[in-house]
Structure formats: C-alpha cells, structure tokens
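J.:
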Amino acid sequence: MILFLKAIFLIWCLVTLLWIWSVCITNASIVDIFWGVGFVVVNTFYVFHLDKIEPRNIVLSILVAIWGLRLAIYLAFRNIGKGEDFRYQEFRKNYGEKRYWWLSYFQVFLLQGVLILIVSLPLFGVHYGGFSGELFWLDYIAILIWTIGFIFEAGGDYQLYRFKKKQKNKGEILKTGLWKYTRHPNYFGDTFVWWSYAMFSIAAGGYWQIIGAIVMTLLIIKVSGVALLEKTLQETKPKYKEYVAKTNSFFPWFPKK
Numbered sequence: 316m317i318l319f320l321k322a323i324f325l326i327w328c329l330v331t332l333l334w335i336w337s338v339c340i341t342n343a344s345i346v347d348i349f350w351g352v353g354f355v356v357v358n359t360f361y362v363f364h365l366d367k368i369e370p371r372n373i374v375l376s377i378l379v380a381i382w383g384l385r386l387a388i389y390l391a392f393r394n395i396g397k398g399e400d401f402r403y404q405e406f407r408k409n410y411g412e413k414r415y416w417w418l419s420y421f422q423v424f425l426l427q428g429v430l431i432l433i434v435s436l437p438l439f440g441v442h443y444g445g446f447s448g449e450l451f452w453l454d455y456i457a458i459l460i461w462t463i464g465f466i467f468e469a470g471g472d473y474q475l476y477r478f479k480k481k482q483k484n485k486g487e488i489l490k491t492g493l494w495k496y497t498r499h500p501n502y503f504g505d506t507f508v509w510w511s512y513a514m515f516s517i518a519a520g521g522y523w524q525i526i527g528a529i530v531m532t533l534l535i536i537k538v539s540g541v542a543l544l545e546k547t548l549q550e551t552k553p554k555y556k557e558y559v560a561k562t563n564s565f566f567p568w569f570p571k572k
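Here is the structure:
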C-alpha cells in the first residue's frame, strides 16, 4: 500500500510539471504523449522496489517499454507542427482561456494521472502478486496475445499515418490493410495488449488487479476511443457511413458483402 501511495505521488509530480509546461506553450496535447511514457515510468518504479527480479518481471518490463515508448514516439512524431488537438481546443472554446488554464489541470492532466494509476494495476499485480516469478503456460499465452495486439495497434497506426501522408487521400477513408477488417485496428490492438498484461497479473497471483484492463477496455470502446472517433467521423466524412456498413467496428472480421 505504501508503495502504491509513492507511485501516486510520483505520477502527481509528473503530471503537475507537464501541466505547467502545457500552460507555458498553450498546448495540452503533450499530455497524450505522456500517456504511454507514464506506464513505463510506473512499471519501472515498481520493478526498482522489488527485492528480487525474476523472469516474469523482466518479460513484462520489456513488453511495457516497447508498447509505451512506441506509442509516445508515434504520437510525438504525428503531432509535431500540428498544433493542439481538437479535443482540447473544444475545451478552451467552451470554458474560455481565463478558466481553461487551471481547469485543464483537473480535467485533463490530473484525470490522466489517475487513469494511468488505475489502468496500470495489472503491472502492480505482476510484480507483487505473490506467486513465483518463473514463466509458465499462461505467461506464454499472454505473450502471444500481446504480440497480436501490438501488430494490430502499431500496424494500424503506421498504415493510417502513410495513408494520411498522401495528399490525394485527403477526405478519403482508409479501407485496406488491417483497416479492411476492423474500423479501429489500433484500438483493438491496444485492448489486446492490456488484456495480455492482465493475464500476466493472473499468472503472478494478482487477480483483482485485472480491473485495470477492464477500465482500459471501457475507455477505449465507450469513452475516449471508438465512441468519440466514430461520432466525429460520422459528422465530418460522408463516405464513412458506407465504410461502417461493410466493416466491423471493433473485432476484426471479413468485410460484409
């Protein structure tokens, strides 16, 4: 419990510093880049306090680092020179500059810090679940699930980046590659990645900590991921309805005739 309280203090310090930076540059989008990094920081913090580092701790740490740093680098590269994300621009518009600078601390930065701590519970479960840290069959299934998830997430992001980079595709819908089988391959992959961490947690004896994967799934499907993006795309891209009619929203499957 004391260790978790220390993790709370660490994340609070980091998101507060990040918020101060965002106020200075008038851009709250930097919080998105921190999302992946935050999990790497929390996981490293937990590992640092272990009395003994075992195979499961090492494997999980490698996978979390690959996932988190890849996401942070991708978002940083994608956002360079693009200005503030439309979500935060809407917040500024609704609240006004005089209120937004301090409201963003609670509504954006502290909220993300809280979510990082909740979603990262499976990582705590892996390192402090109480079981042996040696790998067994459930860990190998978790590695397989992580690999599938990472391919969908990173592959989907890369395909979308290349598609948007071409001027001729402006206003068009990506319907090839992984996007042929699901409208949100990156979100599907992200969910798979977090359920792989939940499986690692179960293998380590951290059962209740899978709540982190449940929260992440709800966030992706119902709150800030699929639901929000679907609404925006339906409103801004007329051709999207045709894509919706033929392609599964989340779970990959063959296109409808």
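Each residue of the sequence shown is one higher than the last, beginning at 316 in my numbering. Ideal placement from N, C-alpha and C gives every residue a C-beta, glycine not left out. Predicted model only: the values in this text are computed from it and were never measured.
Please list, in chain order, all residues of the same chain as valine 434 whose beta carbon is under 6 Å from its beta carbon, the five residues on each side excluded.
T.: The residues are Gly527, Val530, Met531.
J.: Can you give the Cα-Cα distance for leucine 493 and lysine 485, rounded to whole angstroms?
T.: Answer to the nearest angstrom: the Cα atoms are 19 Å apart.
J.: Quick one: residues in its chain with C-beta nearer than 8 Å to the C-beta of asparagine 372, no 5 flanking neighbours on either side, listed in chain order?
T.: Closer than 8 Å at Cβ, skipping near neighbours: Val362, Leu365, Val441, His442, Gly448.
J.: Excluding the 5 residues flanking tryptophan 416 on each side, which residues of the same chain have their C-beta closer than 7 Å to its C-beta?
T.: So the list reads Val338, once near-sequence residues are dropped.
J.: How far does the alpha helix (DSSP H) with tyrosine 555 in it reach, from first residue to last?
T.: Unbroken alpha helix (DSSP H) run through tyrosine 555: 555 to 561.
J.: Give the range of the alpha helix (DSSP H) segment to which leucine 325 is assigned.
T.: First-last of the alpha helix (DSSP H) with leucine 325: 317 to 340.
J.: Considering only the beta carbon of each residue, do valine 355 and leucine 320 sit closer than 8 Å?
T.: Not a contact, by the Cβ cut-off of 8 Å.
J.: Thinking C-beta only, is isoleucine 535 closer than 8 Å to tyrosine 502?
T.: In contact: tyrosine 502 and isoleucine 535 (Cβ atoms closer than 8 Å).
J.: Have a look at glutamine 404 and serine 344 and give me their C-alpha separation to the nearest angstrom.
T.: Their Cα atoms are separated by approximately 10 Å.
J.: Determine the burial state of threonine 491: buried for a count of at least 16 other Cβ atoms within 10 Å of its Cβ, exposed for fewer.
T.: Answer is exposed; the Cβ neighbour count stays below 16.
J.: Quick check on this structure: which residue in Lys397, Ile488, Ser419 has the alpha carbon closest to the alpha carbon of phenylalanine 406?
T.: Checking every option, the nearest Cα to that of phenylalanine 406 belongs to Ser419.
J.: Nearest to leucine 386 by CA position, among Leu544, Trp510, Glu468, Gln549, is which residue?
T.: Minimum Cα distance to leucine 386 is reached at Glu468.
J.: So, helix, strand or coil for leucine 442, using DSSP?
T.: It should be noted that the sequence gives histidine, not leucine, for residue 442. Correct three-state label for histidine 442: helix.
J.: Please name the residue in Ile340, Thr547, Lys571, Gly540 whose C-alpha comes closest to that of lysine 561.
T.: Among Ile340, Thr547, Lys571, Gly540, the Cα nearest to that of lysine 561 is on Lys571.
J.: Closest by CA to lysine 495, which one among Glu550, Ser564, Arg402, Gln482?
T.: Here the closest residue by C-alpha is Ser564.
J.: Could you tell me how far apart the beta carbons of leucine 432 and alanine 322 are, in whole angstroms, since I believe they sit closer than 8 Å?
T.: At roughly 7 Å, the Cβ-Cβ gap stays under 8 Å, so leucine 432 and alanine 322 are in contact.
J.: For glycine 398 versus glycine 520, is the C-beta spacing smaller than 8 Å?
T.: Contact: no.
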